[in-house]
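Every letter in the sequence shown is one number past the one before it in the UniProt record's numbering, and letter 154, counting from 1, is 154.
Cβ atoms here follow ideal geometry from the backbone N, Cα and C, with glycine treated the same way.
Note that this is a predicted model, so its numbers are computed, not measured.
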Amino acid sequence: MSARDWVAVYLKGVGMGAADAVPGVSGGTIALITGIYDRLIGALAGLDPREAWALLPFLARVHQDDARAELRAGLAVLDVPFLVVLGLGVVSAAVTVANLVEAARASAPALTYAFFFGLIAASVVVLWSELDISTPNRKFVALLGFALAFAVSGQASATLPTGLATMFVAGAIAICAMVLPGVSGSLLLLTLGQYHVITGAVGAATDAVLNANLGNATDPVTTLAAFSVGAAVGIVSFARVVAWALDAYRAATLTFLVMLMAGALRAPGEVVLDETAAWTPETALALLAVGGVGALAVVALERATGDITY
């Protein structure tokens, strides 16, 4: 691949990262739009720890020409260069957008979560046409998904600890959704009550680095490291389970995922209610307008991707 090709891969990662950082928007959908979804899934599915382990002897002899050649060939087979460049784009954009979201959440929480509500609600409406709940089993799955998300999104922020174990599990769960078209990983973080923890950690780590106060970066970096390790584990394990479920039981799995999104509307809805001090016509109009902007963004994205087969 040429330098121009690698820049294109990086920019596609930027699009995915920006989408993944916002609840209700799917990085997987961006991957579809930009034409890299099949390669991404193939590369992730092809990640085999045994093959990676087999490359370690060549890494130890990287100063030798033959070892470097074998190492490059092995990494190319696993499509690691593609994943690294794409990942850099995802991370750089996700960090930038997370900082923007954290700033918006701190200054105008009700409006920020009204925007999220519009994004999520429109996503559910758009994906509803993909569902088939004509059988009793699928109706049960739909009810289960909605009830589970509704219950968890109302209790998670109050009952789940914010320790490293929670961050690990959150990373493993969120990454599975982040690679699925139409399903938002950030929404699952919001449902689990961990979205603000992650965006807060990103903001704190960024501020510490920019202010050259690395002592303040220890806690947020540790939090993000636990989340990242969980995401790595999720990519090579849980994501394969989700992919298998979509292949073997596509209709039921998609129904469950979409109804999870519907039930999760409780999370941003409660924040909007809690953070709105006084309900005036102006306040209600502002919330509706911001929510409408979020919904229109999803509708516009759907129209742009309507001819793409998931």
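For Tyr113, the enclosing alpha helix (DSSP H) stretches over residues 109-128. If you draw a straight line from the Cα of Val25 to the Cα of Ala19, it comes to about 5 Å.
A residue is called buried when at least 16 other Cβ atoms come within 10 angstroms of its Cβ; Lys139 does not meet this threshold and is exposed.
Nearest to Leu71 by alpha-carbon distance, out of Tyr195, Val85, Trp53, Ala45, is Trp53.
By the criterion of a C-beta distance shorter than 6 Å, Thr199 is surrounded in its chain by Ala98, Val101, Glu102, once the five residues flanking it on both sides are discounted. Residue state for Val183 is assigned as coil, using DSSP reduced to three classes. Taking all protein chains in view, the Cβ of Val241 is surrounded by fewer than 16 other Cβ atoms within 10 Å, so the residue is classified as exposed. Distance from the CA of Ala104 to the CA of Leu111, rounded to the nearest whole angstrom, comes to 8 Å. Counting only residues of its own chain and dropping the five nearest sequence neighbours on each side, Val290 has a CB closer than 6 Å to the CB of Leu111, Ala114, Phe115. Using a Cβ distance threshold of 8 Å, Leu40 and Ile235 do not count as a contacting pair.
Within its own chain, the residues whose Cβ lies closer than 7 Å to the Cβ of Leu265, once the five positions on either side in sequence are excluded, are Phe117, Ile120, Ala121, listed in chain order. With contact defined as three or more Cβ pairs closer than 8 Å, the region 129-136 and the region 188-202 are not in contact.
Per DSSP, reduced to three states, the secondary structure at Leu47 is coil, with no helix or strand assignment. Under the DSSP assignment, Ser228 falls in the alpha helix (DSSP H) whose first and last residues are 218-236. Excluding sequence positions up to five before and after Met259, its CB lies within less than 6 Å of the CB of Ala142, Gly145, Phe146, all in the same chain and listed in chain order.
Judged by DSSP secondary structure, Trp6 falls within the alpha helix (DSSP H) whose first and last residues are 3-20. DSSP places Arg61 in no alpha helix (DSSP H); its state is neither H nor E. Only residues of its own chain outside the window of five on either side were considered, and among them Val14, Gly17 have a CB closer than 7 Å to the CB of Ser92, listed in chain order.
Shown here for Gly46: same chain residues with a beta carbon closer than 7 Å to its own, the five before and five after excluded, namely Leu78, Asp79 in chain order. In this structure, the beta-carbon distance from Tyr10 to Val125 does not fall below 8 Å.
Cβ neighbours of Ala201 within its own chain (closer than 7 Å, five residues either side excluded): Pro220, Thr223, Leu224. Within the model, the alpha-carbon separation for Asp274 versus Pro57 is close to 57 Å. Assigned with DSSP and collapsed to three states, Ser153 falls in helix.
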